[in-house]
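**Student:**
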Amino acid sequence: MKSLRPNWFFEDLPDFEYKKYVLLAYLQDVHAQFTETRLYPALSDLVFHYRNLTSFVEQKQAIYNSFPERLTEIDMKNLRMAFSKVMSNDDLMNHLEEVVSYSIPELKKHLDEGKEIYDFIEKEINLSPVGILPIYRNEGYMLVRDGDIPEIKVYEFSVKFFQHDEENFRSVQTQYLTSYKKSFVNTSENIKIDMIRSRKKLPNPATFSVESVFEFPLEETIIPLAKRMLMKYIETV
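In this text, residue positions in the sequence shown follow the numbering used here: the first is 1, and each later residue adds one.
1) Taking Cβ to Cβ, would you say Asp119 is nearer than 8 angstroms to Ile222?
2) Return the CA-CA distance between Val99 and Val237, expressed in angstroms with no decimal places.
3) Label Val210 either buried or exposed according to how many other C-beta atoms from any shown protein chain fall within 10 Å of its C-beta, with 16 as the threshold for buried.
4) Could you check what DSSP says for Glu36 in three-state terms: helix, strand or coil?
5) List in chain order: all unbroken beta strand (DSSP E) runs of 3+ residues lying wholly within the segment 115-148.
6) Can you name, in chain order, every residue of its own chain whose Cβ lies under 7 angstroms from the Cβ of Lys153, other than the five neighbours on each side?
7) Provide the residue(s) that pair with Lys181 in DSSP beta bridges, ordered along the chain.
8) Quick test of your reading: Met142 and Thr174, contact by CB under 8 angstroms. State the CB separation rounded to the nearest angstrom.
9) Reducing DSSP to helix, strand and coil, say where Thr174 ends up.
10) Taking Cβ positions, are Leu96 and His49 nearer each other than 8 angstroms?
11) Just the C-alpha distance for Glu113 and Pro224, rounded to the nearest angstrom, thanks.
12) Taking only the alpha-carbon atoms, compute the straight-line gap between Asp29 and Ile104 and give it to the nearest angstrom.
13) Taking DSSP as the reference, what is the three-state secondary structure of Thr207?
14) Check Glu156 in the structure and name its three-state DSSP category.
15) Rounded to whole angstroms, what's the CA-CA distance from Glu139 to Glu122? Just pull it up for me.
16) What residue range is occupied by the uninterrupted alpha helix (DSSP H) comprising Pro224?
17) Quick check on Pro205: buried or exposed, where buried means 16 or more other Cβ atoms within 10 Å of its Cβ?
18) Find out if the Cβ-Cβ distance for the pair Met231, Val172 is shorter than 8 angstroms.
19) Check Ser188 in the structure and name its three-state DSSP category.
20) According to DSSP, is Ser3 part of a helix, a strand, or is it coil?
21) Let me know if Glu156 comes out buried or exposed under the rule of 16 or more other beta-carbons within 10 Å of its beta-carbon.
22) If you draw a straight line from the C-alpha of Ala135 to the C-alpha of Arg228, how long is it?
23) Note down the Cα distance separating Thr35 from Glu167, rounded to an integer number of angstroms.
24) Would Leu39 and His110 be called neighbours here (beta carbons separated by less than 8 angstroms)?
As structure tokens, this is what we get:
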């Protein structure tokens, strides 16, 4: 899919029509992805750009007061600004305000579209534990079935911890392992037993069944949603 550079709204020439064209071309592609129920990476990309512009608005007065130099790059981590002398304060700020004021509602409209699709699909996905969950739940398997496709894909998952800006976060990483044909024999419980026998790495894995009512794009939609649902489950149970 098309993408926007992090600093797209002030890079290149200060031309509103050109920036508008760049944004609308990007959003047209995002809409096409959503029409095919391909949520990621489009949805997370939209969130980034929306937050980026709203942060810019919040910092606008501080930025204006810190001129007389032209904005040339933004460090997205803490919104540090770097400037070079090219044009006057008012000319630059008016251009940025025009671009940002137009872009935020357009991004928000598509962000709302993506969230609506997300909420609908999330209700159509069922995540449930297979057997008794162990005390340690940060590693295990997801057994994923996409709609009526007679196949169960096995993913190994692991919860990773990381720190950003002195805050602690967790994320779920997945790796595809193998597939089983759906049958009376290949139940979720039997697949779990088979995985324990064939992979000694996890003798007592936390195992979850992930089933969607309808068929959706696996890597772009089901797996990202399943990872988020899994994290919520682990945090609350």
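Just so it is clear, CB atoms sit at the ideal spot from N, CA and C, and this is done for glycine as well. Note that the structure is predicted; figures quoted are calculated from it, not measured.
**Tutor:** According to the structure shown:
1) The count along the sequence shown starts at 1 and reaches residue 119 at position 119. The count along the sequence shown starts at 1 and reaches residue 222 at position 222. Not a contact, by the Cβ cut-off of 8 angstroms.
2) Counted from its first residue, the sequence shown places residue 99 at position 99. Counted from its first residue, the sequence shown places residue 237 at position 237. Cα to Cα, Val99 sits roughly 45 angstroms from Val237.
3) Residue 210 sits at position 210 when you count from the first residue of the sequence shown. Answer is buried; the Cβ neighbour count reaches 16.
4) To locate residue 36, count along the sequence shown from 1; it is residue 36. In the structure shown, Glu36 sits in coil (DSSP, three-state: anything other than H, G, I, E or B).
5) Entirely contained in the segment 115-148, the beta strand (DSSP E) runs reaching 3 residues are, in chain order, 125-129 and 139-145.
6) Indexing the sequence shown from 1 puts residue 153 at position 153. Cβ contact annotation for Lys153 (same chain, cutoff 7 angstroms, sequence separation greater than five): Val144, Tyr176 and Ser179, in chain order.
7) In the sequence shown, the residue the question calls residue 181 occupies position 181. Bridge partners of Lys181: Glu151.
8) In the sequence shown, residue 142 corresponds to position 142, counting from 1. In the sequence shown, residue 174 corresponds to position 174, counting from 1. Indeed, because the Cβ distance is near 7 angstroms, the residues count as touching under 8 angstroms.
9) For the purposes of this step, residue 174 is identified with residue 174 of the sequence shown, where counting begins at 1. The DSSP-derived three-state label of Thr174 is strand.
10) Taking the first residue of the sequence shown as 1, we reach residue 96 at position 96. Taking the first residue of the sequence shown as 1, we reach residue 49 at position 49. The Cβ atoms of Leu96 and His49 do not sit closer than 8 angstroms to each other.
11) Residue numbering aside, residue 113 sits at position 113 when the sequence shown is read from its first letter. Residue numbering aside, residue 224 sits at position 224 when the sequence shown is read from its first letter. So the two alpha carbons sit approximately 17 angstroms from each other.
12) Residue 29 sits at position 29 when you count from the first residue of the sequence shown. Residue 104 sits at position 104 when you count from the first residue of the sequence shown. The alpha-carbon atoms of Asp29 and Ile104 are separated by roughly 17 angstroms.
13) Position 207 of the sequence shown, counting from 1, holds the residue named residue 207. Thr207: strand per DSSP, three-state reduction.
14) Taking the sequence shown and counting its residues from 1, one reaches residue 156 at position 156. Here Glu156 carries a strand assignment [DSSP, helix/strand/coil].
15) For the purposes of this step, residue 139 is taken as residue 139 along the sequence shown, with counting starting at 1. For the purposes of this step, residue 122 is taken as residue 122 along the sequence shown, with counting starting at 1. Roughly 23 angstroms between the two C-alpha positions.
16) Indexing the sequence shown from 1 puts residue 224 at position 224. Following the DSSP letters along the chain, one finds Pro224 inside the alpha helix (DSSP H) bounded by residues Ile223 to Thr236.
17) By one-based count along the sequence shown, residue 205 stands at place 205. Buried, because 16 or more other Cβ atoms sit within 10 Å of the Cβ of Pro205.
18) In the sequence shown, residue 231 corresponds to position 231, counting from 1. In the sequence shown, residue 172 corresponds to position 172, counting from 1. With contacts defined as CB atoms closer than 8 angstroms, Met231 and Val172 qualify as a contacting pair.
19) Working through the sequence shown from its first residue, we reach residue 188 at position 188. Three-state result, Ser188: helix.
20) In the sequence shown, residue 3 corresponds to position 3, counting from 1. Note: Ser3 maps to coil in three-state DSSP.
21) Taking the first residue of the sequence shown as position 1, residue 156 is located at position 156. So Glu156 counts as buried.
22) By 1-based counting over the sequence shown, the position of residue 135 is 135. By 1-based counting over the sequence shown, the position of residue 228 is 228. For the sequence presented, residue 135 should be read as Ile rather than Ala. If I take the Cα positions, the gap works out to 20 angstroms.
23) Taking the sequence shown and counting its residues from 1, one reaches residue 35 at position 35. Taking the sequence shown and counting its residues from 1, one reaches residue 167 at position 167. Answer to the nearest angstrom: the Cα atoms are 36 angstroms apart.
24) The sequence position of residue 39 within the sequence shown is 39, counting from 1. The sequence position of residue 110 within the sequence shown is 110, counting from 1. No.
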